[in-house]
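Number of protein chains: 2
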Amino acid sequence: MLRSQMYTYSYPHPAVATDLCVFSLDEEFRLCVLLIKRGLKPYLGHPALPGGFIKVDEESLEQCAARELEEETGFTKAYLQQFGVYSSPDRDPREHVISVAYFALVERDSETPTAGSDASHADWVEVSKALHDDLAFDHATILADARAALIRETEQSPIVLQLMPDEFTLSQLHKAYEGIYGRELEPANFRRSLNKDWLVETGEYQRGHQRPAKIFRANPNL
Amino acid sequence: MLRSQMYTYSYPHPAVATDLCVFSLDEEFRLCVLLIKRGLKPYLGHPALPGGFIKVDEESLEQCAARELEEETGFTKAYLQQFGVYSSPDRDPREHVISVAYFALVERDSETPTAGSDASHADWVEVSKALHDDLAFDHATILADARAALIRETEQSPIVLQLMPDEFTLSQLHKAYEGIYGRELEPANFRRSLNKDWLVETGEYQRGHQRPAKIFRANPNL
DNA sequence: TCAAAAGTGTTTGAGGTACACCCATGT
DNA sequence: ACATGGGTGTACCTCAAACACTTTTGA
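Read top to bottom, the protein sequences are chains A and B.
Its first residue numbered 2, the first sequence is counted upward by one per residue in this note's numbering.
Its first residue numbered 2, the second sequence is counted upward by one per residue in this note's numbering.
In structure tokens, the structure reads:
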């Protein structure tokens with residue numbers, strides 16, 4: 002470790018960090034968020050959103066969010082979107098910390114994530130449960146806002162596909178949408194409302210205990 | 002002036018500011034934005050968005066935006082909405098400045114604004130013209146984003162009323178919507194699409210050179 | 001042949017667009 | 001009376017909700 006060095010400014014500066022709501026789907030295609038257990042003093046032991054401070058003069062907040070995502074969870078190349086800024090002077094007891102919040106969409110399977118990560122304990126928690134956990138700082142508010150932003154974005158773009166595995170059936174996609182919206186969708190209407198340009202058929206079928214379901218892939222051309 | 006004092010931190014902090022896109026309507030109900038002429042060195046003399054640095058440990062960004070609005074333009078009690086964050090390390094040549102952008106909606110008439118204000122030269126410029134001015138920093142990008150955010154918000158809430166004078170006709174409101182959307186709207190359909198709960202009739206009529214128009218007021222209960 | 005999931009068709013109604021039309025006024 | 005902007009009615013289209021219906025499999 003290097004000797005501590007001081008950084009001085011002619012007027013006060015706040016600390017600036019990114020907080021990440023990393024979303025994925027579990028085996029049943031329910032919406033989950035990645036929470037870490039805090040290992041440091043304010044809110045020690047509490048579940049919290051991953052995140053970290055910006056590298057001043059080196060990176061933008063988008064880059065900071067992407068870096069933190071990789072450092073803390075191992076995920077790279079995830080979909081990232083900024084959705085909120087939290088700036089109350091007393092939201093962090095240590096100093097005035099302004100937090101810019103992003104949500105990230107990842108597919109759960111691609112490697113075992115959260116392994117080899119900074120945060121010793123990172124866990125996927127169903128979003129509706131996470132909101133009732135005793136999250137550190139104002140992270141419960143941030144998470145609620147993230148879910149709202151995700152819903153809004155889902156209504157007008159195919160980002161849900163960022164959460165899906167490479168291959169999936171329409172029933173699975175259906176469950177994913179229901180999990181995000183938090184309500185049931187008529188299967189027939191769901192199929193029709195779905196923009197077929199977003200998907201391509203693989204030609205394969207998933208054989209189960211009933212009629213086999215067509216297997217789809219996300220359209221590589223957006 | 003007090004002696005200069007230094008503020009020190011154990012790791013680098015960025016500067017954090019708010020930038021304001023203050024929108025209003027001109028006599029013809031065209032959308033205008035308030036621009037100041039920079040009196041300081043980077044981009045000296047260029048038109049720019051009003052704004053300023055956050056008071057650390059004292060205020061949130063919302064409060065900072067409201068304060069800057071009042072200090073630089075004299076407007077108080079305006080509608081304020083956050084819509085973007087700009088954080089590229091080199092967007093300001095002096096140091097790494099993270100800017101959180103708000104748009105404000107004001108009615109042009111309520112007192113002469115921009116008088117008694119910090120900024121010696123503040124002027125209303127039609128938005129489409131302002132976008133082609135040589136704005137300081139990345140303010141052209143910010144302004145374009147603000148217009149997009151305003152359109153999105155206009156589509157789903159009655160914020161346009163924040164721009165209107167106390168009393169107005171449907172034709173005037175019609176023009177305001179056309180100015181914001183940047184396209185013409187069928188008068189008949191505009192009337193129908195308008196949520197009548199947002200308005201109350203005054204019972205008065207504006208007499209002009211043709212059929213008199215009903216005069217409305219924004220519904221005080223939202 | 002039956003249960004259960006996959007997938008299709010059809011009716012209904014809400015909401016938006018286009019456009020024809022009537023109304024009230026000053027000149 | 002007529003031009004002009006204020007204001008209404010209506011036909012049409014699209015799209016989403018609801019729900020009845022057919023298909024394909026394993027057991």
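All C-beta atoms, glycine included, are put in the ideal place defined by N, C-alpha and C.
For this session: Show which residues of chain A have a CB atom less than 7 Å away from the CB atom of residue 57 of chain B.
Result: Within chain A, the residues near residue 57 of chain B are 13, 14, 15 and 97.
Problem set entry | Nearest residue (CA-CA) to residue 192 of chain B, options B/58, B/97, B/176 and B/21 | In terms of CA proximity to residue 192 of chain B, B/176 leads the group B/58, B/97, B/176 and B/21.
For this session: Please confirm whether residue 17 of chain A and residue 143 of chain A have their CB atoms less than 7 Å apart.
Result: Contact: no.
Exercise. Between the region 74-81 of chain B and the region 79-96 of chain A, do three or more beta carbon pairs fall short of 8 Å?
Worked result: Not touching, per the Cβ criterion.
Problem set entry | Whole-angstrom C-beta distance between residue 36 of chain B and residue 126 of chain B, which should lie under 8 Å | In this structure residue 126 of chain B touches residue 36 of chain B by the C-beta definition: roughly 5 Å separates them, less than 8 Å.
For this session: With residue 124 of chain B as the anchor, note down where its beta strand (DSSP E) starts and where it stops.
Result: Judged by DSSP secondary structure, residue 124 of chain B falls within the beta strand (DSSP E) whose first and last residues are 123-127.
For this session: Give, in chain order, every residue of the region 149-173 of chain A whose Cβ lies closer than 8 Å to some Cβ of chain B.
Result: Near chain B, meaning a CB-to-CB distance below 8 Å, no residue of the region 149-173 of chain A qualifies.
For this session: Give the straight-line distance between the Cα atoms of residue 44 of chain B and residue 150 of chain B, rounded to the nearest whole angstrom.
Result: Taking the straight line joining both Cα atoms gives about 26 Å.
For this session: Put residue 152 of chain B into one of helix, strand or coil per three-state DSSP.
Result: Helix.
Exercise. In chain A, which residues lie with their C-beta within 8 Å of the C-beta of residue 142 of chain B?
Worked result: Per Cβ cutoff of 8 Å: no residues; residue 142 of chain B is ~13 Å from chain A at best.
For this session: Can you tell me which of B/197, B/160 and B/172 puts its alpha carbon nearest to the alpha carbon of residue 211 of chain B?
Result: If you compare the alpha carbons of B/197, B/160 and B/172 with that of residue 211 of chain B, the shortest gap goes to B/172.
Exercise. How many Å lie between residue 194 of chain A and residue 146 of chain B at the Cα?
Worked result: Rounded to the nearest whole angstrom, the CA to CA distance from residue 194 of chain A to residue 146 of chain B is 29 Å.
Problem set entry | Chain-ordered neighbours of residue 83 of chain A on chain B, where CB pairs are closer than 7 Å | Chain B residues near residue 83 of chain A: 86.
Problem set entry | Close beta carbons around residue 137 of chain B, own chain, < 6 Å, minus the five adjacent residues each side | Closer than 6 Å at the Cβ level, and outside the excluded window around residue 137 of chain B, lie 39, 44, 47 and 49.
Problem set entry | Residues that residue 90 of chain A contacts on chain B, provided the C-beta gap is smaller than 8 Å | Taking a Cβ-Cβ cut-off of 8 Å, the neighbours of residue 90 of chain A in chain B comprise 57, 58, 59, 60 and 61, given in sequence order.
For this session: Hey, could you find the ends of the beta strand (DSSP E) residue 208 of chain B is sitting in?
Result: Element bounds for residue 208 of chain B: n/a, residue is neither H nor E.
Problem set entry | Alpha-carbon to alpha-carbon, residue 223 of chain B and residue 32 of chain B | One C-alpha to the other measures close to 22 Å.
Exercise. Do you know offhand how far residue 58 of chain B's Cα is from residue 9 of chain B's?
Worked result: Rounded to whole angstroms, the gap between the alpha carbons of residue 58 of chain B and residue 9 of chain B is 14 Å.
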